[in-house]
Amino acid sequence: MSTKTIKKIRRIITLLFISGLLFLVLMPFFLMILTSLKSLPEILSPRFRILPEKWLFSNYVQAMKRGDWPRYLLNSLFVTCTTVFISLIINSLAGYGFARISFKGRDTLFFLALIGMMAPSQVTMIPVFIILKNFPLLGGNNLFGAGGTGLINTYAGLILPYIAGPFGVFLCRQFYLNFPMSMDDAARIDGCSRITAYFRIYLPLSKPILATLAVLKATQTWNDYMWPLIMINKESMMTAQVAVVTKFTSEVSVQWQLLMAATAIIILPLFILFLFTQKYFVEGIVTTGIKG
Amino acid sequence: MKKACKLGTVLLTVFMLLSLLSGCGSKASPTDTPQESSLTEDTASTDSLEGTGLSDEPVTLSFIRAGTDGLAEAAYAELIAAYTAEHPNVTIEYQQFNFGSELETKLNTLYASGSAPDIVRAPISTIAQRASLGQYAPLDDYINSWEEKDNIIQTAYDVASYKDHCYGIAINIEASFLYYRKDHFIEAGLDPDKPPTTWEELYEYAEKLTVHEGNSVVRAGFSIPVAWGHTVFIPFARQNGATLVDVENNIPVFNDGATAEALNYLASYSANNLLIPYTINQDQNPFELGKASMMLGSLSNYKTIIASGVDWADQLMFAPLVSGRETESCFGGCQIMFMSEESKHKDWAWDFMQYLFTNESVWKLVTDAGATPVKNDLSGQFIEAYPNIGPAYLEALSYCEGMPKVKWSALFEKYLNMAYEEAMYGTKDAQTALNDAMELLESELGE
Amino acid sequence: MVLPKKKKAHTGHEPVGYLFIAPFYLFFLVIILLPIVIAIFNSFTNYDLYRSSDFIGLSNYKTLLKDPLFKKALVNTLVYSVLYIIPSMTLGLLLALLVSGESRRYQVFRTGFYMPYIISMVCASTIWLWMFDPAAGFFNQILTSMGLEASTWLKNPALAMPCVVIVSLWKNLGYCMLINLSGIKGIPAYLYEAAEIDGADAFQKFRSITLPMLQPTTFFLFITTCISSFNVFEQVNVLTGGGPMNKTTTIVHQIYIRGFTEFKMGYASTISVVLMFIVSIITIINFRFGNQGQDTDMG
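Chains as they are written, first to last, in the working numbering: chain D, 114 to 405; chain U, 1199 to 1645; chain Z, 741 to 1039.
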């Protein structure tokens, strides 16, 4: 057999392997979609049939009628977009700072930031809540943070904890570490300050990491459930994730068909986001801008 | 391929958007009143502003309810709407949360940050802790001057009492009793009009009703949980004469012979492969899924089964759990209306609570949300409306008991369940499991 | 005063660095670090989530040393971490390599493998709870139809933890893949071209170019995976509730139980401090001895 055929066979085997794995990985999803199209008695019946008896697309409509879903989705959308936007800016700035610039206490400050990722939310959520509730001069509070409700029930209260996380900084730092020193040297020789170097040289090259960060941050924020649960008391400020859990699960019964339908709808924005950022994850030609 | 993918995504999005919009257009939000509310302004809401010391000023009450059942949500929304229509200066912010971690997280954050809700409807398990912490307000004065006081069944006060004070009134008492399937009984050659009346009979029936496929159980005879089964274990222990907790002296006493015997009895179901394993609070009871013939349940389970639309609901039969041992006992989980000590509008909160306990409100909750009739006046009406399940429930109500009311009831629950699980899994025999659990609990309490 | 430039520029001091990290650090200090400090302080008290918060010194720590449930949780968390970290990192890298191509079909693969990550953990656990259901769950249905014995999966003390690990692996595959993809994307192509000219085959290219160049990425992935596996909670809470018989309770699960259901927030804070300490040690070791990616000079 020629090398070409061997290569072809290897390609096919690899493809089969990936496809098989993909099928296994997506199987729970197929189950979810199929469940969302069944009726509740059918789901609960002892006999398990894969395909629905009747394809109840009406489940999706019914799910959306439970509460003010356009509002919930809008809330989630607003919080997520704002979080991602601000995170991209401050995380890449900080990541660049930690990676390329030397300053006193840099490594200690960085390690301290990492500690922020290690604390479990169960013990910090109450102090954070109290801090945001007693935030001075906002939400009816006086200078000492008393009297009003601070940032509870506000978008700012929801967004702040997400943008304060060090995850993105860590990610960007690793990315910026991989550039050769000669780039900084060349920039300095050309008379660029660090700030100019960042905006002129590094930022344009940061598309892959910014895309990655955007996707990850969006996913984490969109799917978060604990924090909106605590911060929000008003129905009109509820986010989609909290709504999914409270509207369709109860102590009486879990409405599986509606739960799955709502979940399918919620996944869609993240799915679309990922599709649109695809080209940044593709192996391609990367120029360093130094050689040649 | 690219075009097809993009087209597919676009179509999918359009479909989702359409469902969204249609939901938007005709949504039945909880604040709508879709059907003729049985509660209109002419019902006897016994209070008027005169002589109650309540002012006209705008007041906002926050009301947190444990439980997210959609039917109850709608019923409460209607009650709230009717109340605020009569008292336009009052706004009620209503939220509901799932039992367990959601509710606890929410309540804990609110209390810890000084934003206590005015009214809370929470399970009895919270009372010992929150009352002793001072989060709940004692209501003795309000209740003693209430004209409906004697119309509320005594159990509703008893379950909400802690250390000589009454902290709330139970609005829902889930006394449990035996559920069983007529069709399964007939199939197994048992008489559906003769439900089991002793432990031995219960076991015998269970054996006959269990269906195996190979080695695994596909239909359990008597479905009890393999973990977190204190709501089953406690009544059986009490039936056998055990007290489990010495409330007077504030110590656990559950490693006695009577409790061990009860645990051995329950463990024998697991040991002889008669169960489909499930955990309370995590999985649904196989009975509700049609995979068991008998179970212990309360009114809410009935609502669940009806709501799920299965076709065997008419085969349900009910009987009080009779043990033929020392005494009769069943477990009574309760939902209690509490008021927060930190509430700034206690008088209005009490006014609203009174309204929720009028005959009409209670009856509405019974019919719409499957709640229990906690008024003496309503028991006749109840049996009339629910002839099949009513009698069993009312009898169970007469001897139901909940968790022991000690400050460390959460720890008690944890360690009792530890022993239960170990016995059910067969890793320890009942007495050893109970002894070990007692030791651990005592060492934790000892600090 | 201008110092002569050194190759390893770790000794310079440019204050503009502070400017770059300031926006982030400001938020971080108030919203993340301050609560951690409060939590550490709480660990020395008997804070009960409401009124009392008396200083009790090291008493919580002493109790922790004797706590059998904490010991179990510690062991379980270690078991989980080992079972989870190794497969997820290797599988993540493998997948990223396989699907990094440009053609359309790779786009489908990438999206497909990422899908589990975009579901919330609550929803994912719900679906898997079902598949693992002892009575009529999907897996048991398949087993019985093939004539094999059904299993109790999550209710089986021996199988419960592996099941939880499988759910975590399934869910986070997309994350590991994504991070590796962005790392691979950053490797200059001319390196591969040069290797090709030198006659290197695929495996050699992988070993001498891909792997070394991925060091910062691998380091990142290892640290974040470590942290998240030591902090595992959500899936345990939904899938097993810590059982059966405490075989799957983890450190954070204990924190939750103690803090929220038993109102021992002081004690829960103590457990968190110990947890943070353990994870910090692991991280520091990695910083010292792992290769986190130096300033490379392609010279």
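Beta carbons: idealized from backbone N, C-alpha and C, even for Gly.
In this structure the stretch 297–315 of chain D does not lie against the stretch 349–357 of chain D, because fewer than three pairs of beta carbons, one per stretch, are closer than 8 angstroms.
Unbroken alpha helix (DSSP H) stretches of 4 residues or longer found wholly inside the stretch 223–256 of chain D: 234–246, given in chain order. Residues of chain U whose Cβ lies closer than 8 angstroms to the Cβ of residue 346/D are, in chain order, 1260, 1291, 1293. Here the alpha carbon of residue 156/D sits roughly 7 angstroms from the alpha carbon of residue 148/D.
If you keep only unbroken alpha helix (DSSP H) runs of at least 4 residues inside the stretch 754–842 of chain Z, you get 756–767, 774–782, 799–806, 808–838. The C-beta of residue 304/D comes no closer than 7 angstroms to any C-beta of chain Z. Against chain Z, the CB of residue 229/D has a partner CB under 7 angstroms away; the residue lies at that interface. Taking residue 1508/U as the centre and dropping the five residues before and after it, the same chain places the C-beta of 1488 closer than 8 angstroms to its C-beta, in chain order.
CA-to-CA, the gap between residue 1304/U and residue 1283/U works out to about 28 angstroms.
It is roughly 8 angstroms from the alpha-carbon of residue 1257/U to the alpha-carbon of residue 1543/U. Every unbroken stretch of the beta strand (DSSP E) spanning 3 or more residues and falling wholly within the stretch 1316–1340 of chain U is given here in chain order: 1317–1321.
Close to chain Z, meaning a Cβ-Cβ distance shorter than 8 angstroms, are the following residues of the stretch 1477–1495 of chain U: 1477, 1479, 1480, 1481, 1484, 1487, 1489. The beta-bridge partner set that DSSP reports for residue 1531/U consists of 1372/U. Residue pairing by DSSP leaves residue 1551/U without any beta bridge partner. Between residue 810/Z and residue 804/Z, the CB-CB gap stays under 7 angstroms. According to the DSSP secondary-structure assignment, residue 1450/U is paired through a beta bridge with 1443/U. In the structure shown, the three-state DSSP call for residue 1363/U is strand.
Linking residue 265/D to residue 345/D through their CA atoms gives a straight-line distance of about 6 angstroms. Under a 10 Å Cβ-count criterion, residue 181/D is classified as buried, with 16 or more other Cβ atoms of the shown protein chains found around its own Cβ.
DSSP places residue 1623/U outside both helix and strand once states are collapsed to three, so it counts as coil. Boundaries of the beta strand (DSSP E) around residue 1294/U: 1288–1295. Judged by DSSP secondary structure, residue 1410/U falls within the beta strand (DSSP E) whose first and last residues are 1409–1411. In the DSSP assignment, residue 1258/U forms a beta bridge with 1289/U. With a cutoff of 7 angstroms on beta-carbon distance, residue 1602/U and residue 1445/U are scored as near each other.
Interface residue (Cβ-Cβ distance to chain U less than 7 angstroms): residue 790/Z is classified as such. Proximity of chain Z to residue 1625/U at the Cβ level (cut-off 9 angstroms) is accounted for by 897, 985, in chain order. The beta carbons of residue 1407/U and residue 1491/U sit about 4 angstroms from each other, so the pair counts as a contact at 8 angstroms. In terms of beta-carbon proximity, residue 236/D lines the interface with chain Z, with at least one pair separated by less than 7 angstroms. Ranked by Cα distance from residue 1012/Z, the first of 929/Z, 986/Z, 782/Z is 782/Z. Judged by DSSP secondary structure, residue 849/Z falls within the alpha helix (DSSP H) whose first and last residues are 844–858. For the stretch 846–864 of chain Z, residues whose beta-carbon sits nearer than 9 angstroms to a beta-carbon of chain D comprise 846, 847, 848, 849, 850, 851, 852, 853, 854, 855, 856, 857, 858, 859, 860, 861, 862, 863, 864. Beta-bridge partners assigned by DSSP to residue 1495/U: 1375/U. Listed along the chain, the chain U residues whose CB falls inside 7 angstroms of the CB of residue 153/D are 1506, 1507. Spatial neighbours of residue 853/Z in its own chain (CB-CB distance under 8 angstroms, excluding positions within 5 residues in sequence) are listed in chain order as 835, 839, 913, 914, 917. Going by DSSP, residue 1420/U is part of no alpha helix (DSSP H) but of the beta strand (DSSP E) stretching over 1414–1421. Residue state for residue 966/Z is assigned as helix, using DSSP reduced to three classes.
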